[in-house]
Every structure is written in C-alpha cells, then in structure tokens.
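Trainee: Residue numbers (the working numbering), protein chains in the order written: chain A, 1 to 511; chain B, 1 to 664; chain C, 1 to 101.
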Amino acid sequence: MDFASLAAQLNAGAILPEVLVTVTLLGVLTIDLVGGRSTSRWTPYLGIAGLLGALGALYYQWGQANPTAFLGEFNADPLSIVFRGLVVIAAAVTIAMSIRYVEQTGTSLGEFIPILLTATLGGMFLSGADELVSLYVALETLSIASYLLTGYMKGDPRSNEAALKYLLIGAASSAVFLYGASLLYGLSGGETRLAAIGAALSTLTPQTASGAVIALVFVAAGIAFKISAVPFHQWTPDVYEGSPTPITAFLSVGSKAAGFALATRVLVVVFPSVLEQWHFLFAALAVLSMVLGNVVALTQTSMKRLLAYSSIGQAGFVILGLVAGTAEGYASMVFYLIVYLFMNLGAFTAVVLFSLRTGTDQISEYAGLYQKDPLLTLGLSLCLLSLGGIPPMAGFFGKLYLFWAGWQAGLYGLVLLGLVTSVVSIYYYVRVVKMMVVKEPQEMSEAVKNYPPVTWSLPGLRALQVGLVVMVLVTSLGGILSNPLFRLANSSITQTPLFQAVPPSIANSRL
Amino acid sequence: MEAIYQYAWLIPVLPLVGALVVGCGLVSFPEATNRLRQLNAVLIISLLGVSTALSFALLASQVQGHLPYRQMLEWATAGDFHLQMGFEVDPLAALMLVVVTTVALLVMIYTDGYMAEDPGYVRFYAYLSLFSSSMLGLVLSPNMVQVYVFWELVGMCSYLLIGFWYDRPAAAEACQKAFVVNRVGDFGLLLGILGLYWSTGSFEFDLTGARLADLVHAGDLSGLIAAGLAVLVFLGPVAKSAQFPLHVWLPDAMEGPTPISALIHAATMVAAGVFLIARMFPLFSSIPLAMEVIAWTGAFTAFLGATIAITQNDIKKGLAYSTMSQLGYMVMAMGAGAYSAGLFHLVTHAYFKAMLFLGSGAVIHGMEAVVGHNPASQDMRLMGGLRRYMPKTAFTFLIGVLAISGIPPLAGFWSKDEILGATYGASPWLWLVGWGTAGITAFYMFRMYFTTFEGKFRGDDTRLQAQVNQELGIHSHGDHHGHSHGHPHEAPWTMTLPLLILAVPSTLLGLVGTPFANYFEELIHTPGLESAAAEFEWSEFLTMAGSSVGIVLLGITLAVSMYLSRRLDPAAIAAKVPFLYRLSLRKWYFDELYDSLFVRNSRRLARQVLNLDARVVDGLVNLTGLVTLLTGQGLKYLENGRAQFYALIVFGMVLGFVVLSAVT
Amino acid sequence: MHLQFFLLLAAALFCIGVYGLINSRSAVRVLMCIELMLNAVNLNLMAFSNFLDPQEIRGQVFTVFVITIAAAEAAVGLAIVLSIYRNRDTVDMERFNLLKW
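#1: Which chain B residues are close to A:GLN61, counting only those with a beta carbon under 7 Å from its beta carbon?
#2: Give, in chain order, every residue of the stretch 74-98 of chain C whose Cβ lies closer than 9 Å to some Cβ of chain B.
#3: Looking at the strands, I want to know which residues DSSP matches up with A:SER5.
#4: Tell me whether A:PHE512 is buried or exposed, calling it buried when 16 or more other Cβ atoms sit within 10 Å of its Cβ.
#5: Which term fits B:LEU72, buried or exposed, when burial requires 16 or more other beta carbons within 10 angstroms of its beta carbon?
#6: Would you kindly report the start and end of the unbroken alpha helix (DSSP H) that includes A:THR141?
#7: Could you give the first and the last residue of the continuous alpha helix (DSSP H) run that contains A:LEU464?
#8: Which residues bound the alpha helix (DSSP H) around B:HIS349?
#9: Among B:ALA333, B:ALA174, B:PHE275, whose alpha-carbon lies nearest the alpha-carbon of B:SER241?
#10: From B:ALA253 to B:GLU292, what distance separates their C-alpha atoms?
#11: Does the CB of B:GLN6 have a neighbour CB from chain A at under 7 Å?
#12: Quick one, are the C-beta atoms of B:LYS392 and B:THR496 less than 7 Å apart?
#13: Taking the alpha helix (DSSP H) that A:THR24 falls in, what are its first and last residues?
#14: Please look up how many angstroms separate the CB atoms of C:LEU36 and C:LEU13, rounded, as I've assumed it's under 8 Å.
#15: So, with DSSP's three-state summary, where would you put B:GLN176?
#16: Taking C:ILE22 as the query, report the chain B residues whose CB atoms sit under 7 Å from its CB, ordered along the chain.
#17: Please return the same chain residues whose Cβ sits closer than 6 Å to the Cβ of A:PRO297, not counting the five positions on each side in sequence.
#18: For A:ALA195, I'd like the list of residues in its chain whose CB is within less than 7 Å of its CB, leaving aside the five on either flank, ordered along the chain.
#19: Three-state secondary structure (DSSP) at B:MET673?
#20: Going along the chain, which residues of the stretch 114-126 of chain A sit with their C-beta nearer than 9 Å to a C-beta in chain C?
#21: In whole angstroms, give me the CA-to-CA distance for B:TYR197 and B:LEU83.
#22: Within 10 angstroms of its Cβ, does B:THR746 collect 16 or more other Cβ (buried), or is it exposed?
#23: Counting contacts by CB-CB distance shorter than 7 Å, is B:PHE729 in contact with chain C?
#24: Considering Cα atoms alone, identify which of B:GLY298, B:LEU92, B:HIS265, B:ALA278 is closest to B:LEU358.
#25: Rounded to whole angstroms, how far is the Cβ of A:LEU385 from the Cβ of A:SER332, which I believe are closer than 8 Å?
#26: Any beta carbon from chain C within less than 7 Å of B:GLY641's own beta carbon?
#27: Beta-carbon within less than 6 Å of B:ILE315's beta-carbon, same chain only, minus the 5 sequence neighbours each way: which residues are those?
#28: Taking 6 Å as the cut-off, is the beta-carbon of A:ILE15 closer than that to any non-hydrogen atom of the ligand GTP?
#29: Can you look up A:GLN362 in the DSSP assignment and give me helix, strand or coil?
#30: Using a threshold of 7 Å, state whether the C-beta atoms of A:LEU55 and A:VAL88 are closer than that.
#31: What are the uninterrupted segments assigned as alpha helix (DSSP H) that are 4 or more residues long and contained completely in the stretch 53-135 of chain B, given in chain order?
#32: CA-CA distance, A:ALA350 and B:ILE109?
#33: Identify each residue in the stretch 10-40 of chain C for which the Cβ-Cβ distance to at least one residue of chain B is less than 7 Å, and report them in chain order.
#34: Would you grab the beta carbon distance between A:PRO114 and A:VAL34 for me? Rounded to a whole angstrom, and I think it's under 8 Å.
#35: For C:ASN39, which residues of its own chain have a beta-carbon under 7 Å away from its beta-carbon, when the five flanking residues on both sides are left out?
#36: Quick check: what's the CA-CA separation for A:LEU468 versus A:ALA220?
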C-alpha cells in the first residue's frame, strides 16, 4: 500500500482543524521556550488566531461527501463540526478573557495557553470520535488538561483543592465510564466502533439485554459527570468556585458542549436498542438537574457558585432536547447550546472583568455597579437576562425552541417542570441585575465605592473588551435575528447521517 | 434609479447608527462624550441629512411613476409559519419619509439652540436620533408585525422623551400617563393583529383586507367579528393619534421639551395612527361599520379638541389640543373614505404644526429670560406684545396661524377644504361638525396669536405673575431674580432658521393639492382604485370654499374683537355661560371622569385584590418561595465539600440506577 | 477457564477500588485506588479480548491506551497532591474542605 492511497484511505483532511490547533499549540510552546517570557505579550493572540483558523477550516468541512476518517475512528459529520466549532469559540473567548487575568496573578501565559489548547483539542476529538478507544483518549485529554488548568493558580489553596477534587471525581467517573465501555466491548462480541456496537446490541436476546442496560448506566454516569447533570454534579460548584474564572467559563461551556456531543453520539448510535431506558434515565437527570440546579442557585452568595448552579440547571434544560428524541429535539439542543455559549461566556467575561477590577466575586459587592461601570453592568445584565430566558434575548428563543420541541414530542411533564424552574431561575438572575442597577448611591458596596477608573489600556484588557462586546451583541441580537443560527442548528441535524433513523417530528408529519 | 431603492434601508439605519454611536459613547465615556457637545449633534444631524437626501430621491422617483419597490428577507421560520421582514417603498412611504426626515432635521437644528444650556444635550440628541430611526422604520414597514415592532419603539422613545426632565414630577407623571394610555391602545392593536392573522393567515396589509372581505362574503366569518377586529386594530391609532376616548395623554405630554412636542407629538408619531389607518385602508374600507366608527371618532375628537383649546392659558397645551383636533380631522377624512384628503392634511399639518410648536418654543425660550425656567414661561397670560421683541418668530407664527385656520392660499386651506368637501359627500352631519370646528379653530388660534404677540407685554406685571405662579403651584418666587425683569429676546439663528424654512411649505405646499390641479392625489390615491379623476366644478368648489372661509372669517372677527380691539370682554362672556366655560376649561372633565371611573375604581379593586392577595395568595406565594428557599438551603448542605462523599454519591447513584433499570 | 471468572475478578477489583477511593484518608492512597479501578477495567478488556476477539485483539490495544492514560493521570494527580502539600502541609482528605456550600 503506497503512501498516497493510504492517505486517501485515512481521509486525514477531516482533522485539519485539529491539526491547526496542534500546530498552534506547539508553536506557542516553542516560541515561549525560545523567546522567554517577553513573548507572552503576543503569543495569546497567536493562539486566538490559530483557533480562528481552525474555525475557518471547520467552515470549509461542512457538507463533506465522506466524513469518516482514520478507518472509522473519527467522524467529521455536520454534528461534530458544530460541536467542534463551539469548543473552538469557547477556547478563543477564554484566551481573550484570561490574558489579563493570568498576567495579574503573576503566573505564566506561555504554559497556560498550550494547556488550554490541549483541552480544546481533546474537546474537538471528543465531538467527532466514533470509536471507543479514540473516544476514551479524547475524553481523557480534555479531562487531564482541565485538571491542570483548574489547579493553575499554584499558590492558591482553593485552586489546589478544586483541582484535587476535580481530578478524583473525574478519574473515578471516567473509570466508571471505562468499565461501561469494556462491557460494551464484551457485549458486542469484540467490537469497538460505535456503529458496530449499536448493531450488535440490537441483536441481543432479552436475557442479555440487561447487560446493555448496565453498560448504559455506567456510560451515562461518565457522560453525566461531563455535562454536570444532577446527581453527578457535585464537583461542579466547588471546582467552578476554586478555578481561575476564565477556566470556569471554559469548563461550563467548552467542556460541557463536548460532553453533549459525546452524549448525543453515544446514545443515538450505541443505544437505540434500549431507547426507553436511556430516555427514562436522562429524563430523570433532566428533572433532578432543573430542580436542584435552579433551587440551590437561589441561596448562593458567590457569583461563580451562582453561575455553577445555573449551569447545572441549564444542563437540565438542554437534556430536555436530548430526551425528546426527535430531529427537532436534537436541533433545539444544538441551538440552545450555541446560544448558551454566547450568553454564558458573556456573563463570565463580565465576572472576570469585575474581579480584575475589584478582586472579589461576591454578589453583594456588585451593588450599585451601574453608577461606576455602565458597560460592564449592561453586558452582565443582558447576558443574565438572556440566561433567565427573558424576551427578546437569544436565551428566550432557545428555551422556547427547546420547550416547543419537548412539547411536540409529548414530554408534557418535563416541559411544565422546565417552565416552572425557569421562572425560579429568573428570580436569581434578576436579583443580580437589580443589585447592580437599582441601588441608590449610598447603598453602594465597598468594592464599588473603591472602583478604579474605567480604563482599557492595560495589556490584555482590550481583548477582553472585544470578547465581552461580541458576546453581548450576539446574545442580544441573536434572538431577533435568530434565523442563521436556527438554520445552522437544523441543518447540523438533518445533514448528519446518524440521525436518518430518527423519527421525523410529529409536527412535520402532521403539517 | 434601482440603486437608490436598494439602499433605502439606509434611511432608518443611519439615524440608528448615530444614536448607537453617541449612546455607546455616553455609556462608556460619559464625560468625554458630553464634552464634545456639538460634535455629537453635527454627527447625528449629518447622518439624518443623508437620510433626508435619500428620501427626496425616492420621492422624486416615485413621482415620476416608479413602481413600488419591496425587499424582504426571512425573519423566522418554523414549519409553515413564515415571518418576513424588509422594507417597502411606495408613494405613501416615500412621502412620509420626506415629511419625517425634513421635520426631524429641522427640529434637530432647532434643538441646538433650544437645549444649548441643558446638561442633557447629548442624551437628547441620541434619543431624537433613535426616535427618527424608529419612525422611519415604521414608515417603511411592509407588514403588520414589523409595524407593531416599530410602533412600540416609537412609543418607547416618546416615553423617554416626555420624561426627559425626569426631575420634574409633572413630567414623570405625564410619561406614566402616556405609557398607560398607550398600553390600552397597543394591546388592542396587538389583539387585532393576532386576530387578523388567526382569521386570514397573513400579516400583509392588502392580503388581510381582501381575505377578510372574502371570508365575510362567503359567510365563514361573521361580519360583526370582522368589524370587531377592525375596531381592535383601530384602537392602536386611537391611542397613538390621541383620539377620543384615549386622548388624555397628549396634552400632558407637553411636559417634554418643546422640540419633542414639535417632532413627536405634532408632526410624526401622532400622525403614525393616521398612517396606520391609511396602510390598513383596504381592511377598513371593506367594513362599513368600522368606517362609521372611525369617521365619528375623528369628528368628535376634532370638535372636542377645538372646544377645549379655546380656554387654555398654557401656549403648548393650547397647541396640543389643536393637534388633537386636527388629527381628528384626518381620522374623520379616513373614515369618510377621503383617503388622499386625509393624508394631504397630515402632510400640511406636519409642517405648519411643527412650525407653530417650534415658534412656541422660541417664545418660551424668550420668556424664560423674564420669568425663569419654570412652567410659568409657557403661560400666555404673562405674554403679549412679543412681536416687538421677536419679530421673526411672530411672523412665522402668524403664517402658521393663518395656515391652520384655513385662509387661502396657505397650505391648511387646501387640505382642510378637501376634507370638508369629501365628508360632505359622505354625510352632511359630519361636514357640519367639521365646518363648525373650522370656525372654532380660527378663533382659538387667533386668540393665541393675539394674546401672545399683540397688545402690551404683561410679563413684568408682578401681581399677575404672583397670581399665575400661585395657580401653577410655583413657590420658587425668589430664586429667579437673576432672570427677572429682563426683556424677552429673539431666539438664536439656529432656532429661527428652521422656523423660516418651515414657513415655506406651510405657505406653498397646499398648491400641489388644489382641487383644479391635484398633483397630490395623482401620487397618493386610494389603494386599488386608479386616481379618481373627479371632474372639477367651480361652482361646487366655490360654495364649499366660500362657506368654510366664511366661518373662518367669523371666528377671526370674534377673536379680533375680543382679544385685539377689546370691544368684547372675554371674561364677561365666560361669566354668561359659566357651564360651557368651565366645561372647556376643565377639558370636558375627562381627567376627572377617568379618575373616578377607572383610576379610583381600579385602585379600589386593586386594594381589594391586594387584601385578598395579602391574606391568601401572598401567603401561598410566600410559602412556595419560602419552601423553595428552604429546600435550596437544605440541598445546599449536600455539598459538604468532601470529594469522597461526592464519589460515594456517584457510585451510589450508578448502583441505584442499575437497580432501578433492572426492576423496571 | 470461563470468561465469567475473569469478569468476577475484575468486578471485585473494581469494587475494592471504589471502597478504597471512598474510605482512604490519604490523597495518595485515593490515587492508588483509582489505578486499581482502571486495572479492573483492563482485566475486563483483556478477558473479552481473549475470549471474543482473539483475531483482532482490539481489547489488548485498548488496554495499552488505558495504561498510558492512567500513567498520565497519575502524574498529574501526584503533581496536584504535591502542590497542595506545599500549601497546606497535609494530604489528609478530611481537611480539604475550603470549598463547600
């Protein structure tokens, strides 16, 4: 077999975006090694450029005739492209918001960016992995890099502790996931490709089918850990609170998006034979996440913890789309994740900015911020309102689509619960907005009273500002002009072969 | 010519850009932006200038007979539900574009002089630009949904601007009132639009009308329901164009700065109601009952406004009631089927009323030098003889008064005469109301002119001042001695220039719509009908024009003898018919009526509901809230911070789910 | 030899790992217990590979990957334990509760 035909058979072009990220990663690392610390003035921008390049490469991959690469190890179908795009954007915005943050804490950017890019790489491969081994390797690449990033503030005991907890729980649940994977390998009679496993599982006798259910529960536990669904969520608030804030943002968006990619692919491809069971299991996760995430968020005093619980609740909403099981359900899930990416990153960027200027993230310290920093207040308020699902923000349309798809699929109870809990969620989001906007000057918190003059000239702040403005713009206009996003989400589902078996929505067949 | 049509979307977008740029500047760098006062104004004015030029080009092309142009793009699609947005340029839209941009441009130039000392100068320009953008967007809207969106936007700008001086309690109250009253109308409009969509499946102006008529014709829809829908839609214009019974907000809205009164509450936004009726004309004209309602609402409003305006002492309130009355004329014309006459009056009125308002602003500006920056500067009892101090303002104001009264050959004569002629064809009773109102209009407008500009100056009469101040509840008697006892002065050129420019269309614009050579109707005519080339008869025209000029002259004579030559004493006349006098002065007791009917009752209802609420509902809500919070507190402690406990839960849950799945 | 024996052994090993993970007070022992769990999985994979897939031995390949990643995980874990020890002078799991509620 000569090289050319091997290359053609491998279809290596499918991982061009990943290759770009890898090259950037190595480039940043080498430049930092050779040039020393002074290069960290511009290496972050190199990182962002590399990620944007990867985004461009993803764009050109859309609708490729043959998405399977590396003999079935990797799948570059539209679904994976959307999720890889989400991970890449999340990473790019995270870099933008962390330049100043890392610099201010006195740690090195030259290591931070390669580790973050490694996590990105893991997330990207996870979104397209089509075989158990590559799936596991990608999952662990993402996880291990995340542990390192969580513990990046070496001198801070909270950061250390968060990293240790994350590592222990993460390793434990990946072991559980792996155990489930080994069961799948056995049950399918020695197959590791997802599609082959799915086919093999559907031929099982009723007696052995219970083995499939056990494997499902084990695998689901690993997935639920990644998307921090209740009851596998308990690491989330602690880790989010202890991590450097930009990393919290990445974990809550990039890592979670990769987790949903994993969930969608594994559940749809491997477990159609136990459809009822996995629907039941994830419906339970959705119920618990929506209730617990939103209710506990009410009692939080730290902004980062609040956003942690809010992200648990949001995960519950997204699972709703997954459980719907129709093409519309999946599309609404993708749509909501896209919207969630922008609004959550916008909120986190604002939180990073606030903590850069005041050094705190207590909610009570935000009181009266409107008087001192209108732009920050406006951005944070819009993003929080969008997370709460207030029209006409993008989040409202996202929730609307999710609930609509759920309703069409007959999940009346889940949708009603979702409505109730999203009303609860509005309460704690608006509480923060009210805290910032309504307070009289004399009720201003100490941190806001000593607020430094608003300036963007410090190195790295400009990138943060651009990130904030872009996120807020998309969040506030994305709802009214939602059609492009809408179409993207829909076509990522309809053009992906693995959803061909999915029943077309009841609504479409009726019309 | 195609090229301009492709760029027509720039017309609303350019002012929006201006508003956004200045707004962002205000949000992020407040001090720097405020320091660049006039630079901001220049930016916003020049952007609007480009829009104006584009609008003129579009109008020119439409006059030359270019076909209407429409460009749409998908807004949202879900299944077979398509929502489109875009813009449509037809003769009506092109004409409205020109009216809105020119008035807005002149008002903006005027603002520079009027608001020169105000700390909110830049903010005011940003709002003005935002409003212009929304209004232009409304004009270009091709379907009802988009109209509704912009309808709300202009409403929002209007509240922002009425309450611009939010530290004045009267302004805050006025903007609240405008908000509440408009909410009633907007709610009706929204219901109407949704109802029309429900019955016809379309948001298009012409399609809904045609389909609704078909449905009624085929008997699928009761005629009453159709009329009900039409009336619901009409509620929107009723609120926005200050028609009876939702007219009460407009006079109070005069608490806003005067340029706003000119732009929003005289020339453009309040005319949006008439514009919407014009857009929905195919719908209304297919339902005779709705047309009746519209015509009589308009006629009654015209009469009501005119009678109240007679006794107003506040110059701006007087103009506000006059606006209401003139809007009533337009709505009446629409209801009588005189489509082009109504719109013609809209256009001429926009110019002369904007000029009158800006003139009153110049007067107030001049008076502030004498009585200080407070509502007393708007009181006509303290004015008089101002012609000597501000000749340019007086001259333009006189032109406006002549125009609105309907003296040939000024603009108002032609448009009003056309309305009266058309309504006579529809119903002589309507005509009678309109005709009488024309006389009253002439009377109160000349009363206003004479008390303001003629006679002797009364502003330095301290006794009168004290009386007025007491009536208006102004206690700050001593704090304006810096201003006091100066002389009123002519306004700066930035204020007089727009006045002089506006005087031109107020004088000449009527000539494009004369009954013997009606270029206006050639351009704007009832949708679906070809230009009604009604044969012109001198005899008919002369009777109509003669009778209306006659009553106008009667009104003027009365005003002259009462307020100029003082042969008749107004106070004595008022004393003879105290009931009528008080009815007019107290604005037909509408505020009191609404207060006792709606405000008090709803307060009482609210209080009772509140009682119920406090005892039962509140308890329940609080209980739920408390339970939620307590649950939150309880669940919170599951996060005990120990990683191994978390791991235990993970494994426990895996085991639990396995068992659960095995059981089920 | 039956496949079941290997699977039971692996399951037992996994459970021992879980027990140790939950009950150990030393962070290092917790890490070792994670290794135990991963090795239980390896055993599973090897057994399946030998009994069901002797031609392509995918399970053995999988095992190699798992061992590699376990090594990386252990390295990162020990590094984190090291840095926490520097700050807190202890590796007692009971005392790591700065972050809670």
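Yeah, the Cβ is synthetic: ideal placement off N, Cα and C, and Gly gets one too.
Mentor: The relevant details are as follows:
#1: Here the premise fails: no neighbours, minimum Cβ distance about 26 Å.
#2: Flagged, chain order: MET93, GLU94, PHE96, ASN97, LEU98.
#3: DSSP output for A:SER5 lists no bridge partner at all.
#4: No answer is possible for residue 512 of chain A: the residues shown for chain A start at 1 and end at 511.
#5: One detail in the question is off: residue 72 of chain B reads as Met in this sequence, not Leu. So B:MET72 ends up on the exposed side.
#6: 132-150
#7: 461-477
#8: Annotation for B:HIS349: the continuous alpha helix (DSSP H) segment containing it runs 339-371.
#9: For B:SER241, the nearest C-alpha among the options comes from B:PHE275.
#10: 29 Å
#11: no
#12: yes
#13: Element bounds for A:THR24: 16-35.
#14: 6 Å
#15: The answer is helix: DSSP assigns B:GLN176 an H, G or I state.
#16: Ordered by position in chain B, the residues that pass the 7 Å Cβ test against C:ILE22 are GLN644, ALA647, LEU648.
#17: Residue identity differs from the one stated: residue 297 of chain A is Ala in this sequence, not Pro. Here the set comprises LEU306, TYR309, SER310, TYR428.
#18: VAL269
#19: In the structure as shown, chain B begins at 1 and stops at 664. Residue 673 of chain B is therefore absent and cannot be evaluated.
#20: none
#21: 12 Å
#22: The requested residue 746 of chain B does not occur in the structure, where chain B is confined to residues 1 to 664.
#23: Since the displayed chain B opens at 1 and closes at 664, residue 729 of chain B lies outside it and no answer follows.
#24: When C-alpha distances from B:LEU358 are compared across B:GLY298, B:LEU92, B:HIS265, B:ALA278, the shortest belongs to B:HIS265.
#25: In fact, because the Cβ distance is near 20 Å, the residues do not count as touching under 8 Å.
#26: yes
#27: SER360, GLN378, MET380
#28: What this structure holds is no ligand at all, so the ligand GTP is not there to describe.
#29: strand
#30: For the pair A:LEU55 and A:VAL88, the CB atoms are nearer than the 7 Å cut-off.
#31: 91-114
#32: 39 Å
#33: VAL18, LEU21, ILE22
#34: Wrong, their Cβ atoms sit about 14 Å apart, outside the cutoff.
#35: LEU13
#36: 35 Å
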